[in-house]
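> Protein chains in written order, with numbering that gives the first Met the number 0: chain A, 0 to 307; chain B, 0 to 112; chain C, 0 to 221.
All C-beta atoms, glycine included, are put in the ideal place defined by N, C-alpha and C.
To start, I am sharing the structure in question, which I have written as structure tokens.
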Amino acid sequence: MKTNSRIEKILAGGGFVVTSECGPPRGADPEVVRRKGELLRGVVDAVNVTDNQTSVVRMSSLSACVILKGMGLEPILQMVCRDRNRIALQSDILGAAALGINNVLCLSGDHQKFGDHPQGKNVYDIDSIQLIQTVCRMRDEGRFLGGEEIKGKPLMFVGAAENPFADPFEIRAARLGKKMKAGCEFIQTQCIYNMERFSRWMEMVCDRGLHEKCAVLAGVTPFKTAGMANYMKKNVPGMDVPDEMIERMKGVPKEKQAEEGIKICVETIERLREIPGVRGIHIMAIEWEAKVEEIVKAAGLFPRPEME
Amino acid sequence: MSYPSNVKVVKLPCTGRVDVLLILRAFESGVDGVYVAGCMEGECHFLRGNLRARRRVEYMKGLLEEVGLGGDRVEMFNMSASQGQRFAQCAREMTERIRSLGPSPVRKSSSNT
Amino acid sequence: MIVGDRKDFKEILEKLGSRRRVLVLGCNECVTVCGVGGEREVGILSAELRLYWKKEGETFEVREHTLERQCDYEYIDQIRGFVNDYDVILSMACGAGVQYVAEAYKTKLVLPAVNTTFLGVTIEQGVWSERCQGCGSCILDMTAGVCPIARCAKSLLNGPCGGSSGGKCEIDNETDCAWQLIVDRLKESDQMERYEEILPVKDWRTGREGGPRKRVREDLKL
Numbered sequence: 000m001k002t003n004s005r006i007e008k009i010l011a012g013g014g015f016v017v018t019s020e021c022g023p024p025r026g027a028d029p030e031v032v033r034r035k036g037e038l039l040r041g042v043v044d045a046v047n048v049t050d051n052q053t054s055v056v057r058m059s060s061l062s063a064c065v066i067l068k069g070m071g072l073e074p075i076l077q078m079v080c081r082d083r084n085r086i087a088l089q090s091d092i093l094g095a096a097a098l099g100i101n102n103v104l105c106l107s108g109d110h111q112k113f114g115d116h117p118q119g120k121n122v123y124d125i126d127s128i129q130l131i132q133t134v135c136r137m138r139d140e141g142r143f144l145g146g147e148e149i150k151g152k153p154l155m156f157v158g159a160a161e162n163p164f165a166d167p168f169e170i171r172a173a174r175l176g177k178k179m180k181a182g183c184e185f186i187q188t189q190c191i192y193n194m195e196r197f198s199r200w201m202e203m204v205c206d207r208g209l210h211e212k213c214a215v216l217a218g219v220t221p222f223k224t225a226g227m228a229n230y231m232k233k234n235v236p237g238m239d240v241p242d243e244m245i246e247r248m249k250g251v252p253k254e255k256q257a258e259e260g261i262k263i264c265v266e267t268i269e270r271l272r273e274i275p276g277v278r279g280i281h282i283m284a285i286e287w288e289a290k291v292e293e294i295v296k297a298a299g300l301f302p303r304p305e306m307e
Numbered sequence: 000m001s002y003p004s005n006v007k008v009v010k011l012p013c014t015g016r017v018d019v020l021l022i023l024r025a026f027e028s029g030v031d032g033v034y035v036a037g038c039m040e041g042e043c044h045f046l047r048g049n050l051r052a053r054r055r056v057e058y059m060k061g062l063l064e065e066v067g068l069g070g071d072r073v074e075m076f077n078m079s080a081s082q083g084q085r086f087a088q089c090a091r092e093m094t095e096r097i098r099s100l101g102p103s104p105v106r107k108s109s110s111n112t
Numbered sequence: 000m001i002v003g004d005r006k007d008f009k010e011i012l013e014k015l016g017s018r019r020r021v022l023v024l025g026c027n028e029c030v031t032v033c034g035v036g037g038e039r040e041v042g043i044l045s046a047e048l049r050l051y052w053k054k055e056g057e058t059f060e061v062r063e064h065t066l067e068r069q070c071d072y073e074y075i076d077q078i079r080g081f082v083n084d085y086d087v088i089l090s091m092a093c094g095a096g097v098q099y100v101a102e103a104y105k106t107k108l109v110l111p112a113v114n115t116t117f118l119g120v121t122i123e124q125g126v127w128s129e130r131c132q133g134c135g136s137c138i139l140d141m142t143a144g145v146c147p148i149a150r151c152a153k154s155l156l157n158g159p160c161g162g163s164s165g166g167k168c169e170i171d172n173e174t175d176c177a178w179q180l181i182v183d184r185l186k187e188s189d190q191m192e193r194y195e196e197i198l199p200v201k202d203w204r205t206g207r208e209g210g211p212r213k214r215v216r217e218d219l220k221l
């Protein structure tokens, strides 16, 4: 084991990982984080905490991770490259490790134009792949990016995100290869609806042998309404929602749509488990954390392994 | 063919020769309105001169709004060379428009250098 | 060349305040090519000022003058003979030119009439596009001649990000995704193996981050 990460342990034992997400509040109230944490306790193996997602200012990922850690949950610190330079990023890695956070997800971060402070400067001192390299170097060689020695290496399990549905399609597996070469140990994908396209991507990944060193956790998001499905298809970049799914959601009366959305999600999980190379699931039930337990149970993934 | 006597005609080989600065200088000299008469779109002898003129006239309207003279004092009309009546009609139309807008405010004031 | 946009007429009027003796100073280089501050644009802005003030019944004096450029002292010096006849110099040059004029005429009020934006190329007459950010350590050999620092909204050296869609950047669908361009170009020029390399972190010291830059060439000094 390189770290104390629960995800690392489960994967090393050949198990199937289940993770979910917690978005921190737009305020300083820790109770919001605790409430979400309670909904996920015992239901998933680890919880992502987003980092000013969509460039909207929220309670920092690191602080929300600490709150979850205090409740006995296993947080995954998301770090975007948009807001911090290499000095701040490395500093936060040391701080996270010091506070017992075992996992980090290295991301580029949405451009600030999408958020509530589009006038701000963006940083992007280093990119997500360079960040992966940096964290791995800090952990394995005990050296900062600049080469100086670290006294007290941060033991972080390093992950990243990958979007199998973004363009250009042909280099998406190559990009994952680069992340892996940089030291990435697990990835979470964008939520999957187009099974055919995802399978093709997984084939490319497995052809390169990437699935062996880097665990792919497939992302899923349940539709609450047909409107949400439609919105995601039309307005969210890099999202691929097949028309049959929209039709299926529309074909059901409004009161039943949430139920249908959960059903589709569970079916998706079952199909994903069949695909070679998929080592886990990442459930993104945005502002619908209450449903994660139901989904995990219906997919036959409950209870989660006990760890000590 | 008769058209209002207040219309002074400046002949150009093609309306594509019309430049924004040219029109601004005309307004500086005290004219109340300027219109550009070009060939029908698609029939420009020099292929796209009249299309360029239209874009410049649109830009000119913005400039005239900026300085407070009003974008309606400049206009672009299209007609074929044989359409004498149309030429006269545009002249009348523009004259009426400028009459209702009143003389250019630039003319009213006195001192300048 | 350097590209800019002329400031809003309202903004220029505001900055001029109550000053009515204005020297409108153009530049014959970059700002001429992008139609923003050359002799013609000096003529347009001056005509606009004169029309506006005439309409208001004001007294004014607006002089038009275009220099070869405003980033070399020898040219700026050419107006020394008449500059004191005016209350304000309204420079239509890029930011570098405006500053240099201000340095040369410290007692005069020098105002910018142009918002300098980027280093770019002419796509067609009337359309200019950004290409370079002056980072000081050019890596165009590694990216098939497309600069990710200037043309990627996130300056990623190992792109694309997950927001690239249909060859366009997530920030708007008019902006090309630089990394799509790089991948296409690598393919076309038979350099796809380059994509597998991880580009290392950038040393930003050669760019603006290292502080305002100065370049001295001893071999060229007289």
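Tell me which residues of the segment 16 to 27 of chain B have at least one Cβ-Cβ distance to chain C shorter than 7 Å, keeping chain order.
Of all residues in the segment 16 to 27 of chain B, V19, L20, L23, R24, F26, E27 have a Cβ within less than 7 Å of some Cβ in chain C.
> Helix, strand or coil for V122(A) per DSSP?
Position 123 of the first sequence holds residue 122(A). Correct three-state label for V122(A): coil.
> Residues in the same chain with beta-carbon distance under 8 Å from A11(A), minus the five sequence neighbours each way, listed in chain order, please.
Along the first sequence, read from residue 1 onward, the residue named residue 11(A) stands at position 12. M0.
> Does the beta carbon of G135(C) come closer than 8 Å to any beta carbon on chain A?
Taking the third sequence and counting its residues from 1, one reaches residue 135(C) at position 136. No, G135(C) does not count as interfacial toward chain A.
> Starting from W127(C), follow the beta strand (DSSP E) in both directions and report where the run begins and ends.
For this step, residue 127(C) is matched to residue 128 along the third sequence. W127(C) -> beta strand (DSSP E) spans 126 to 131.
> Could you tell me whether any Cβ in chain D is nearer than 8 Å to the Cβ of G162(C)?
Here chain D cannot be found, since the structure's protein chains are A, B and C.
> Using the C-alpha atoms, what's the distance from D109(A) back to T53(A)?
For the purposes of this step, residue 53(A) is identified with residue 54 of the first sequence, where counting begins at 1. For the purposes of this step, residue 109(A) is identified with residue 110 of the first sequence, where counting begins at 1. If I take the Cα positions, the gap works out to 5 Å.
> Looking at the unbroken alpha helix (DSSP H) that takes in I11(C), where does it start and where does it end?
Translated into positions along the third sequence, residue 11(C) becomes position 12. Per DSSP, I11(C) belongs to the alpha helix (DSSP H) from 8 to 15.
> Just to confirm before moving on: does the CB-CB distance between N162(A) and Q189(A) stay below 8 Å?
By 1-based counting over the first sequence, the position of residue 162(A) is 163. By 1-based counting over the first sequence, the position of residue 189(A) is 190. Their beta carbons are under 8 Å apart, which means N162(A) touches Q189(A) by this criterion.
> For Q190(C), decide whether its Cβ has a neighbour in chain A, counting only Cβ atoms nearer than 8 Å.
One-based indexing of the third sequence puts residue 190(C) at position 191. Answer no: the Cβ-Cβ gap between Q190(C) and chain A never drops below 8 Å.
> What first and last residue would you give for the alpha helix (DSSP H) that runs through Y51(C)?
Here the question's residue 51(C) lines up with position 52 in the third sequence. Looking at the DSSP string, the run of the alpha helix (DSSP H) that includes Y51(C) is 38 to 54.
> Which residues in chain C have a C-beta closer than 9 Å to the C-beta of A63(A)? List them in chain order.
The residue labelled residue 63(A) in the question sits at position 64 within the first sequence. Within 9 Å Cβ-Cβ: nothing; A63(A) doesn't reach chain C, min ~23 Å.
> Using the Cα positions of S163(C) and E217(C), report the straight-line distance between them to the nearest angstrom.
Here residue 163(C) refers to the residue found at position 164 when the third sequence is read from its first residue. Here residue 217(C) refers to the residue found at position 218 when the third sequence is read from its first residue. Each residue's alpha carbon lies about 46 Å from the other.
> To the nearest angstrom, how far is it from the Cα of P167(A) to the Cα of E243(A)?
If you number the first sequence from 1, residue 167(A) lands on position 168. If you number the first sequence from 1, residue 243(A) lands on position 244. P167(A) and E243(A): Cα-Cα distance of roughly 24 Å.
> Starting from S19(A), trace the alpha helix (DSSP H) in both directions and tell me its first and last residue.
The residue given as residue 19(A) occupies position 20 in the first sequence. That residue, S19(A), is in no alpha helix (DSSP H); its beta strand (DSSP E) goes 16 to 21.
> Decide if D206(A) is buried, meaning its Cβ has at least 16 other Cβ atoms within 10 Å, or exposed.
Here residue 206(A) is taken as the residue at index 207 of the first sequence, counted from 1. Flag for D206(A) reads exposed.
> What residues from the segment 31 to 54 of chain C come within 7 Å of chain B, judged by C-beta to C-beta, listed N to C?
Cβ contacts with chain B come from R39, G42, I43, A46, E47, R49, L50, Y51, K53, K54.
> Round the Cβ separation of M78(B) and R85(B) to the nearest angstrom and send it over; I've been treating them as touching at under 8 Å.
Looking up residue 78(B) in the second sequence gives position 79. Looking up residue 85(B) in the second sequence gives position 86. Confirmed, Cβ separation roughly 4 Å.
> From what residue to what residue does the alpha helix (DSSP H) around E169(C) run?
As a first step, residue 169(C) must be located in the third sequence, where it is residue number 170. Looking at the DSSP string, E169(C) is not in any alpha helix (DSSP H), and its letter there is neither H nor E.
> Take the Cβ of Q118(A) as the centre, count every other Cβ of all protein chains shown within 10 Å, and call the residue buried at 16 or more, exposed below.
In the first sequence, residue 118(A) corresponds to position 119, counting from 1. Result: exposed.
> Assign L221(C) to one of two classes, buried (16 or more other C-beta atoms within 10 Å of its C-beta) or exposed (fewer than that).
Looking up residue 221(C) in the third sequence gives position 222. By the 10 Å Cβ count, L221(C) comes out exposed.
> Among V157(A), N84(A), P24(A), I191(A), whose alpha-carbon lies nearest the alpha-carbon of A181(A)?
The sequence position of residue 181(A) within the first sequence is 182, counting from 1. Here the closest residue by C-alpha is V157(A).
> Kindly indicate if chain C contains any beta-carbon less than 8 Å away from that of L62(B).
Within the second sequence, numbered from 1, the residue matching residue 62(B) stands at position 63. Output row for L62(B): interface = yes.
> For the alpha helix (DSSP H) containing P147(C), list its first residue and its last residue.
The residue you call residue 147(C) lines up with position 148 of the third sequence. Counting along the chain, the alpha helix (DSSP H) containing P147(C) begins and ends at 147 to 150.
> I'd like to know whether the C-beta of V105(B) is nearer than 8 Å to at least one C-beta of chain C.
Counting from one through the second sequence, the residue named residue 105(B) turns up at place 106. Yes, its Cβ sits closer than 8 Å to a Cβ of chain C.
> Counting only Cβ pairs nearer than 8 Å, list the residues of chain C close to G176(A).
If you number the first sequence from 1, residue 176(A) lands on position 177. Going along chain C in sequence order, the residues near G176(A) (Cβ under 8 Å) are E195.
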